[in-house]
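Here numbering that gives the first Met the number 0 is used: the first residue of the sequence shown is 0, the next is one more, and so on.
Glycine included, each C-beta is placed from N, C-alpha and C at the ideal position.
The structure appears right after this line, and notes come after that.
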Amino acid sequence: MGCLTVNNLKNGMVLSEDVLDINARLLLSKGQKITPKQIRILKIWGITEVHVVGQKGKTNIEAPQVDPEIIEKVKESTKEIFKNVDLEHPAIKEIFELSVTHRSQTCTPLQKDNIQFQINENFENKKILDIRKKIEKLRIKLPEIPSIVNQLNEITADPYASANDVAEVVNKSPSLTAVLLKIVNSAFYSFPAKIDTVSRAVTLIGSKEITGLALGLSTMQVFKDIPENIIDMKSFLRHSLLCGLISRIIASQKNMPQTEQMFVSGLLHDIGRLVIYKYFPDQAKSLLISAFVSHQSLYSVESGLFGCRHTKIGKILLKNWQLSNALESNVRYHHQPSGAADPLEAGIVHIADVISNGLGVGSSGEKIIPHFDYEIWDDLKISPQLFKPAIDLAVHQLASLEMFFKSNN
Ligand SMILES: [Fe+2]
Ligand SMILES: [Fe+2]
């Protein structure tokens, strides 16, 4: 018996153990023969490896072996990222261990990147710049949300709107249509037959899912020109997408109905940071340097420099764009979920953000987990054992989704 990655499965092999999905539902039973159809099912559900009969003791190791010395070094450096949270707490303990494993296997560079400019500024003498006032009183022109997103939001709020109505709006933008069709035909959804119209895509995956993807694609487009010497946008996108995917997976583990809203909430959770990076580049540099030099989180440094945090700036932007109150609240309170209209939704984004920061898959500029809301953790009643399958699935989905977001930029 051995454990094989799905990509190495061959026709006719026999499963030696049941295969369960992320919610512990049975997908394939022990004893079943592997066929192309079964392989497709496994890929659809994001299963990366299964146990099969035979292989004459040649157990295929599911994860690359890493030198124990490297693991020890990674563990020590990862402790720095987790220094603000309690490593004895069961949730944190699990996230820490998964982070060490992931960082060791993927050789994630220790958090020195993103400070690409010279540390030669006297940032300590910078006066507090009240960004919120600047944005609100001086009417700094915030980016406009593409009108197509507003139209999509309106139409999905209409209970009588059909798949054709949604498709009609999407079809107004040839570039969006092309990318959406590429996504729905990709391994991310793995539908057996080619989907060649947006209306068919909407019927299959839902208008809210399509709107969520359109919103994400359009939003990232707005911020694509932020200079690399301030933030690596690819890294920012990776962090945002992973947070969105983990938020959605945890929401589905909790049987929450609005999983696509959770994806968008996670995707946009740090959007306030993009406003800072785009419109206040000098202050952004001061912020990044200040956090780097003082070994503190951006979150703890930013209010001292700007008079408010990225969460509030994100809320102002989303309000300006007239996006849903739920989305605005999840973004505004992703660091303090108890203040949100729905603390459990904001709490899921909070936990997904902590996991994303821990794993070091991309970064919004943050190098240290700012804090962990232990109360919301208790309220959410999530088993830490669900983190590993959630992370495996999210990382698997990230690979295909990221490509489309990048190519749209
Ligand atoms: Fe944040
Ligand atoms: Fe974040």
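Consider the C-beta atom of D269 and the heavy atoms of ligand 1; say whether any pair is separated by less than 7 Å.
Stepping through the sequence shown from its first residue, residue 269 is reached at position 270. At a cut-off of 7 Å, the beta-carbon of D269 counts as near ligand 1: some heavy atom of the ligand is closer than that.
Quick one: grab the DSSP three-state call for E123.
Locating residue 123 in the sequence shown gives position 124, counting from the first residue. Any reading at E123 needs caution, since the residue's pLDDT is 48, under 50, leaving its predicted position unreliable; the model's value is listed next. Here E123 sits in helix by DSSP.
Evaluate contact between the segment 389-401 and the segment 288-300, counting only Cβ atoms and requiring at least three cross-stretch pairs below 8 Å.
Contact annotation: the segment 389-401 does not touch the segment 288-300, with fewer than three C-beta pairs closer than 8 Å.
Nearest neighbour of S234, chosen from E153, N329, E401 and L244 [CA to CA]:
For the purposes of this step, residue 234 is taken as the residue at position 235 of the sequence shown. The option with the nearest alpha carbon to S234 is E401.
Going by the DSSP bridge assignment, what does V51 pair with across the sheet?
For the purposes of this step, residue 51 is identified with residue 52 of the sequence shown, where counting begins at 1. Bridge partners of V51 according to DSSP: G1 and L14.
Under the criterion of a Cβ to heavy atom distance below 7 Å, does T310 qualify as lining ligand 1?
By one-based count along the sequence shown, residue 310 stands at place 311. In terms of side-chain proximity, the C-beta atom of T310 is found nearer than 7 Å to a non-hydrogen atom of ligand 1.
In the DSSP assignment, find the unbroken alpha helix (DSSP H) run with F440 in it and report its ends.
Nothing in the structure corresponds to residue 440, since the chain is present only between 0 and 408.
Check whether chain C comes within 8 Å of N324, counting only Cβ atoms and requiring the distance to be less than that.
Chain labels in this structure do not include chain C; a single protein chain is all it has.
Which of helix, strand or coil does DSSP assign to K72?
What you label residue 72 is simply residue 73 of the sequence shown in a count that begins at 1. If DSSP states are grouped into helix, strand and coil, K72 belongs with the helices.
Can you tell me which of the three DSSP states L8 falls into?
Position 9 of the sequence shown, counted from the first residue, corresponds to residue 8. Judged by DSSP in its simplified three-state form, L8 adopts coil rather than helix or strand.
Relative to the alpha-carbon of Q257, which residue among F81, A325, S161 and N83 has its alpha-carbon at the smallest distance?
Position 258 of the sequence shown, counted from the start, is the residue given in the question as residue 257. Closest option to Q257, Cα to Cα, is A325.
Burial state of K314, where buried means 16 or more other Cβ atoms lie within 10 Å:
Numbered from 1 along the sequence shown, position 315 holds the residue referred to as residue 314. Answer is buried; the Cβ neighbour count reaches 16.
From which residue to which residue does the alpha helix (DSSP H) around Y276 run?
Numbered from 1 along the sequence shown, position 277 holds the residue referred to as residue 276. Secondary structure note for Y276: its alpha helix (DSSP H) is the uninterrupted segment I270 to Y278.
Let me know if S293 comes out buried or exposed under the rule of 16 or more other beta-carbons within 10 Å of its beta-carbon.
Here residue 293 is taken as the residue at index 294 of the sequence shown, counted from 1. Exposed, because fewer than 16 other Cβ atoms sit within 10 Å of the Cβ of S293.
From the DSSP output, in three-state form, read off L214 for me.
Position 215 of the sequence shown, counting from 1, holds the residue named residue 214. Here L214 sits in helix by DSSP.
Is any non-hydrogen atom of ligand 2 found closer than 7 Å to the C-beta of E401, if you look at the structure I gave you?
For this step, residue 401 is matched to residue 402 along the sequence shown. Not under cutoff, so the answer is no.
Within the same chain, show all residues whose beta-carbon is closer than 7 Å to that of P336, passing over the 5 residues directly before and after it, in chain order.
Residue 336 sits at position 337 when you count from the first residue of the sequence shown. The beta carbon of P336 sits closer than 7 Å to those of P342, A345, G346, H349, D372 and I375, all from its chain and outside the five residues before and after it, given in chain order.
Along the alpha helix (DSSP H) that carries H88, what are the first and last residues, could you check?
Taking the sequence shown and counting its residues from 1, one reaches residue 88 at position 89. That residue, H88, is in no alpha helix (DSSP H); it is neither H nor E in DSSP.
Since D410 is in the alpha helix (DSSP H), which residue starts that stretch and which ends it?
This structure leaves residue 410 out entirely; the chain is present only between 0 and 408.
Does the segment 190-202 come close enough to the segment 248-257 that 3 or more CB-CB pairs lie under 8 Å?
No contact exists between the segment 248-257 and the segment 190-202.
Per-residue DSSP class, three states only, for K318:
As a first step, residue 318 must be located in the sequence shown, where it is residue number 319. DSSP places K318 in the helix class (H, G or I) of the three-state scheme.
CB V49 to CB V18, shorter than 8 Å?
To locate residue 49, count along the sequence shown from 1; it is residue 50. To locate residue 18, count along the sequence shown from 1; it is residue 19. For V49 and V18, yes; Cβs fall inside 8 Å.
Alpha carbon to alpha carbon, how far is I409 from A351?
No answer is possible for residue 409: it lies beyond the span of the chain, which begins at 0 and ends at 408.
Best match in E79, K366 and I312 for proximity to L273 [C-alpha to C-alpha]:
Counted from its first residue, the sequence shown places residue 273 at position 274. That would be I312, whose Cα lies nearest to the Cα of L273.
Opposite K32 in the DSSP bridges: which residues?
Taking the sequence shown and counting its residues from 1, the one referred to as residue 32 is at position 33. Partner(s): V13.
Closer than 7 Å: is that where the CB of H101 sits relative to any heavy atom of ligand 1?
Residue 101 sits at position 102 when you count from the first residue of the sequence shown. For H101, the CB stays at least 7 Å from every heavy atom of ligand 1.
Short of 8 Å in beta carbon distance, which residues of its chain neighbour V52, apart from the five on each side in sequence? Order them along the chain.
Counting from 1 along the sequence shown, the entry for residue 52 is found at position 53. Around V52: M0, M12, V13, L14 and S15.
CA nearest to the CA of E96, picked from A186, G359, R308 and N319
Here the question's residue 96 lines up with position 97 in the sequence shown. Checking every option, the nearest Cα to that of E96 belongs to G359.
Could you tell me if the beta carbon of H334 falls within a distance shorter than 7 Å of some heavy atom in ligand 1?
As a first step, residue 334 must be located in the sequence shown, where it is residue number 335. Yes - ligand 1 has a heavy atom lying nearer than 7 Å to the Cβ of H334.
Segment contact flag, the segment 69-79 with the segment 27-40, C-beta cutoff 8 Å, min 3 pairs
Contact fails: fewer than three Cβ-Cβ distances are below 8 Å.
Ignore the nearest five residues each way along the sequence and tell me which others in S246's own chain have a CB closer than 7 Å to its CB.
For the purposes of this step, residue 246 is identified with residue 247 of the sequence shown, where counting begins at 1. For S246, where only same-chain residues beyond five positions count, the Cβ hits under 7 Å are M261, F262, S264, G265, I347, V348 and A351.
Would you report the Cα separation of K82 and I367, rounded to the nearest angstrom?
In the sequence shown, the residue the question calls residue 82 occupies position 83. In the sequence shown, the residue the question calls residue 367 occupies position 368. Rounded to the nearest angstrom, the two C-alpha atoms are 8 Å apart.
Assigned secondary structure, P158 (DSSP; H/G/I helix, E/B strand, else coil):
Residue mapping note: residue 158 aligns to position 159 of the sequence shown, counting from 1. Note: P158 maps to coil in three-state DSSP.
Answer with buried or exposed for V5, where buried requires no fewer than 16 other C-beta atoms within 10 angstroms of its C-beta.
The residue you call residue 5 lines up with position 6 of the sequence shown. By the beta-carbon neighbour count (other beta carbons within 10 angstroms, threshold 16), V5 is buried.
At which residues does the alpha helix (DSSP H) containing T202 begin and terminate?
Locating residue 202 in the sequence shown gives position 203, counting from the first residue. Residues V197 to I204.
Should P226 go down as buried or exposed, given a rule of 16 or more other Cβ atoms within 10 Å for buried?
Within the sequence shown, numbered from 1, the residue matching residue 226 stands at position 227. Exposed, because fewer than 16 other Cβ atoms sit within 10 Å of the Cβ of P226.
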